[in-house]
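To keep things clear, I will list the structure first and then write my remarks on it.
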Amino acid sequence: MKYIDLCLRPRSSKDAAEMASMAGVMGYRVVAVEAGDPEHAREYARIFREEGIEALTRATVEAESWSKAVGLVRRLAQSFDLVAVKPRTAEAARLAARHPRIALVVLPPGMARYMDKSQAHLLREGGAAVEIQLHLLLHGGDPRGGLRGSMIIARRAAAYEAPFTVTSCARTRWEMWHPRVVQALLAAFGLPELVARLAVTGYPAAVVNAKARRLDASGAA
Numbered sequence: 001m002k003y004i005d006l007c008l009r010p011r012s013s014k015d016a017a018e019m020a021s022m023a024g025v026m027g028y029r030v031v032a033v034e035a036g037d038p039e040h041a042r043e044y045a046r047i048f049r050e051e052g053i054e055a056l057t058r059a060t061v062e063a064e065s066w067s068k069a070v071g072l073v074r075r076l077a078q079s080f081d082l083v084a085v086k087p088r089t090a091e092a093a094r095l096a097a098r099h100p101r102i103a104l105v106v107l108p109p110g111m112a113r114y115m116d117k118s119q120a121h122l123l124r125e126g127g128a129a130v131e132i133q134l135h136l137l138l139h140g141g142d143p144r145g146g147l148r149g150s151m152i153i154a155r156r157a158a159a160y161e162a163p164f165t166v167t168s169c170a171r172t173r174w175e176m177w178h179p180r181v182v183q184a185l186l187a188a189f190g191l192p193e194l195v196a197r198l199a200v201t202g203y204p205a206a207v208v209n210a211k212a213r214r215l216d217a218s219g220a221a
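Counting from 1, one number per residue, gives the positions in the sequence shown under full-length UniProt numbering.
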C-alpha cells in the first residue's frame with residue numbers, strides 16, 4: 001500500500017530527518033514538503049529521498065481574490081512541484097479548482113459549505129483535489145468546530161464523488177498521523193472504508209500523476 005501525505009512542513013533539516021525516518025516507519029512512500037523558500041523545500045525533500053521516500057516540493061497561496069492570486073500561482077509553479085490554494089471566497093475556490101497549475105484546494109473547517117456539487121465538478125474537470133489539513137484540529141481554535149467542519153467536507157466530497165486528500169501538515173514528527181489512524185478517523189465520520197483508504201492513497205496519487213502528465217505535456221510542447 002502506497003500511503004501519501006501531501007503536506008509536511010519541517011521547521012529545520014533536523015526535523016526533516018526525524019520526520020523522514022518516522023514516515024518510513026508509518027508506511028508513507030510519497031510526501032510533499034512545504035517551505036517558504038524553494039531551496040529549503042528542495043533540501044528537505046532530498047532528506048526524505050535519502051530515506052527511500054519519493055518527495056515533492058509544494059507551496060500554498062492564500063487567495064482573497066483570484067485575480068490577485070493567479071500571478072503568484074504562475075510564479076510559484078515554476079519553483080515548486082505542487083501548488084495549493086487556500087481560498088477565502090467561493091469565487092477563488094471555484095477558479096482554483098479548474099486551474100491547470102493547481103494541485104490542491106485547501107478547505108479549512110469553516111469553509112465546509114464550499115464543498116458542494118459545483119465544486120466537485122470543477123475539481124474533477126481540473127484534476128485537483130480538496131485538501132483537509134489535520135493540523136487545524138490541533139491548532140485551529142475550537143477543536144469541536146474543527147472536527148465537525150472537517151467531517152462535513154469529507155462527507156460532502158465523498159457524496160459528490162470529488163477527489164480529496166487528508167494531510168497532516170506536520171511540523172515535527174510528533175504532529176504526524178499514521179495513515180491507518182487517518183482512515184479510522186474518516187470511517188468514524190461515516191465514510192466507506194474504500195473512500196477512507198483512497199484519501200491517503202489513490203486520490204493523492206492521482207494529483208501526483210496529474211502533475212507528471214502536465215510536465216510531460218509541457219516538455220513535448
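Every residue gets a Cβ at the ideal spot worked out from N, C-alpha and C, and that includes glycine.
Pairing A103 with A90 gives a Cβ-Cβ distance that is not under 8 Å. Between M22 and R173, the CB-CB gap stays under 8 Å.
In this structure K86 is buried. Its beta-carbon is surrounded by 16 or more other beta-carbon atoms within 10 angstroms. When secondary structure is reduced to three states using DSSP, I47 falls in the helix class.
Look at K86 here: in three-state DSSP terms it is strand. DSSP, read as helix, strand or coil, puts D5 in strand. The C-beta of A188 has fewer than 16 other C-beta atoms within 10 Å across all chains shown, which makes the residue exposed. When DSSP reads this structure, F189 sits in no beta bridge, so it has no partner.
Your pair T57 and A17 does not check out as a contact, with CB atoms roughly 17 Å apart and the cut at 8 Å.
In this structure, R94 lies near S118, with their beta-carbon atoms less than 8 Å apart.
Counting the other Cβ atoms within 10 Å of the Cβ of G127 gives 16 or more, which makes it buried. DSSP places I53 in the coil class of the three-state scheme, outside both helix and strand. Beta-bridge annotation (DSSP): R58 is paired with E34 and L82. Under DSSP, Y28 shares a beta bridge with Y3. Look at I153 here: in three-state DSSP terms it is helix.
The segment 97-111 makes contact with the segment 74-83: 3 or more CB pairs, one atom from each, lie closer than 8 Å. Less than 8 Å separates the beta-carbon of K2 from that of T201. Cα atoms of G146 and R42: separation of roughly 31 Å, rounded to the nearest angstrom. In terms of Cβ geometry, A63 and A35 do not form a close pair [threshold 8 Å].
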